[in-house]
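Line by line, the protein sequences are chains A and B.
Be aware that the first sequence starts at 8, since it is given in our numbering, and climbs by one per residue.
Be aware that the second sequence starts at 428, since it is given in our numbering, and climbs by one per residue.
For glycine and all other residues, C-beta sits at the position ideal for the given N, C-alpha and C.
Below you'll find the structure, written out as structure tokens, and then a few comments.
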Amino acid sequence: DAGVTQSPTHLIKTRGQHVTLRCSPISGHKSVSWYQQVLGQGPQFIFQYYEKEERGRGNFPDRFSARQFPNYSSELNVNALLLGDSALYLCASSRSGDSYNEQFFGPGTRLTVL
Amino acid sequence: EDQVTQSPEALRLQEGESSSLNCSYTVSGLRGLFWYRQDPGKGPEFLFTLYSAGEEKEKERLKATLTKKESFLHITAPKPEDSATYLCAVQATTNAGKSTFGDGTTLTVKP
């Protein structure tokens, strides 16, 4: 079975632009979570979606938004990009929205904002 | 607010030299504690889940243990391929789906 897939793998944007990152969960998994990982730090929670509904939101500004589609894939959108948004964006899938289920991570999207 | 602190930040071992990594946590009701391995430029790879104090899990040269305040990842007779950053994360009963991560311990094993 394929693992979590993310696209694109790398992305370069300039300040003020908008970006859309995509994630496909493991087959059979209905929950997707998004994390931001800055170099040298652990991942920071952004959003969790389960059955197309937002189940949790981290301490990120409203410039960050996400959605989940009927096939359980997900998009993370970031508007008005800042230099500080440069990071590895990770998507994790789990079987359900219950945190007893382990989260499996994708390879990430490396975003560079110039 | 949930917090996770990992120590040491970096650890250098000789091949075969056993050691332990520490993860101290504060959480408003622990639902689960997770250990991941992360190689440079890649996503974290799931290793273990621990749910209650006293629980232990093993996988090859790795063994994870849990108390009410901390978890240890014991590495027995490590090999160079065990070199990676090891991340610890907790999930609280009050915030399903959100994992709070520590900043990791970067392990280097020299042959």
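- Beta bridge pairing from DSSP links Tyr-56 of chain A with A:Val-39 and A:Glu-61.
- Glu-508 of chain B sits in a helix when the DSSP states are folded into three classes.
- The Cβ neighbour count for Thr-535 of chain B, taken over all protein chains shown within 10 Å, is under 16; the residue is labelled exposed.
- If you draw a straight line from the Cα of Glu-472 of chain B to the Cα of Glu-82 of chain A, it is about 22 Å long.
- Close partners of Lys-537 of chain B in chain A (Cβ separation under 7 Å) are lacking, with about 22 Å as the shortest Cβ gap.
- Here DSSP, grouped into helix, strand and coil, assigns Gly-529 of chain B to coil.
- DSSP places Gly-456 of chain B outside both helix and strand once states are collapsed to three, so it counts as coil.
- Residue B:Leu-448 holds the alpha-carbon nearest to the alpha-carbon of Ala-511 of chain B among B:Asp-429, B:Glu-428 and B:Leu-448.
- Counting of Cβ neighbours within 10 angstroms places Arg-439 of chain B among the exposed residues, the total staying below 16.
- Residue environment: Gln-465 of chain B is assigned as buried (16 or more neighbouring CB atoms within 10 Å of its CB, all protein chains considered).
- Residue contact check for Gly-456 of chain B against chain A: no CB pair falls below 7 Å.
- Contact of Glu-58 of chain A with chain B by beta-carbon distance below 7 Å is absent, the smallest such distance being about 12 Å.
- Just so you know, the alpha carbons of Thr-520 of chain B and Pro-538 of chain B end up roughly 42 Å apart.
- Between Ile-53 of chain A and Gln-44 of chain A, the C-beta spacing is not below 7 Å.
- Pairing Gln-433 of chain B with Phe-71 of chain A, the inter-Cα distance amounts to about 28 Å.
- Cβ proximity to chain A below 7 Å picks out Leu-514, Gln-518 and Asn-522 from the region 502-522 of chain B.
- Per DSSP, reduced to three states, the secondary structure at Leu-88 of chain A is coil, with no helix or strand assignment.
- Beta-bridge partners of Tyr-513 of chain B (DSSP): B:Arg-464 and B:Thr-532.
- Going by DSSP, Val-120 of chain A is part of the beta strand (DSSP E) stretching over 116-120.
- The C-alpha of Phe-112 of chain A is placed about 20 Å away from the C-alpha of Asp-92 of chain A.
- One alpha carbon belongs to Leu-474 of chain B, the other to Leu-28 of chain A, and they sit about 26 Å apart.
- Judged by their CB atoms, Glu-508 of chain B and Ser-451 of chain B are not nearer to each other than the 7 Å cut-off.
- For the options B:Ala-504, B:Gly-481 and B:Thr-532, the alpha carbon positioned closest to that of Arg-488 of chain B is the one of B:Ala-504.
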